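Report on the following structure.
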Amino acid sequence: MASRSSGRGLVGALRACTHLGGALEIAGEAGGWTWTSFSLPASPGAASGAVCFTADRAEALAAQGEKVVLLRTETSPEDIHGMYAAQAILTARGGMTSHAAVVARGLGRPCVSGAGALQIDFEAGQAQIGPHKIAEGDV
1 MASRSSGRGL VGALRACTHL GGALEIAGEA GGWTWTSFSL PASPGAASGA VCFTADRAEA
61 LAAQGEKVVL LRTETSPEDI HGMYAAQAIL TARGGMTSHA AVVARGLGRP CVSGAGALQI
121 DFEAGQAQIG PHKIAEGDV
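Take the sequence shown: its position 83, counting from 1, is numbered 83 in this note's numbering, and each next residue is one higher.
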């Protein structure tokens, strides 16, 4: 599990995807885990921040001065305030012309879309990538 103390997971994910052009890899430096999933480098860059699963949560934490990364199954126009507040966006579904990709490029935010291995459980407040779990608030 990536956490505030162990994780550079999402930084690795965004950096790997945007630089390798499609292979999304997360390697936890302290956690010692790696996974790979096909995805798309929808908008270039690297970022880190607390994981948020809703646009409202991302906006609230950003208003408190926290850096956040928005994880969504996919985004819609109702998520724009959270996308604007986020340092980066990661979606399980989507492509180079998906809502997340187009808006992220317009905002200058890094975005990885179509990370099919990413499963988000909104009720539990966590995402799962293979056997690894990321809780809301993890960095």
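For glycine and all other residues, C-beta sits at the position ideal for the given N, C-alpha and C. On a predicted model such as this, the values are computed, not experimentally measured, just so you know.
Margin query: Looking at the secondary structure, which residues open and close the alpha helix (DSSP H) in which aspartate 56 lies?
Written below: 55 to 63
Next item on the list: Return the first residue and the last residue of the alpha helix (DSSP H) that alanine 100 is part of.
Entry: 99 to 107
Margin query: Looking at valine 51: is its Cβ nearer than 7 Å to the Cβ of glutamate 136?
Written below: yes
Next item on the list: Please name the residue, chosen from Ser43, Ala86, Ala42 and Gly125, that lies closest to alanine 63 on a Cα-to-Cα basis.
Entry: Ala86
Notebook entry, point to check: Given a threshold of 16 other Cβ atoms within 10 Å of its Cβ, counted over all protein chains shown, does glycine 82 qualify as buried or as exposed?
Noted result: buried
Check: What is the DSSP secondary structure of aspartate 79, reduced to helix, strand or coil?
Finding: helix
Note to self: If I measure Cβ to Cβ from alanine 55 and keep anything under 6 Å in the same chain, skipping five residues before and after, which residues do I get?
What the structure shows: Asp79, His81 and Gly82
Check: alanine 148: buried (16+ other C-beta within 10 angstroms of its C-beta) or exposed?
Finding: An answer regarding residue 148 cannot be provided, because it is not within the stretch 1 to 139 covered by the chain.
Check: Considering only residues of the same chain and omitting the five flanking positions on each side of glutamine 119, which have a CB-CB separation below 8 Å?
Finding: Ala92, Ala127, Gln128 and Ile129
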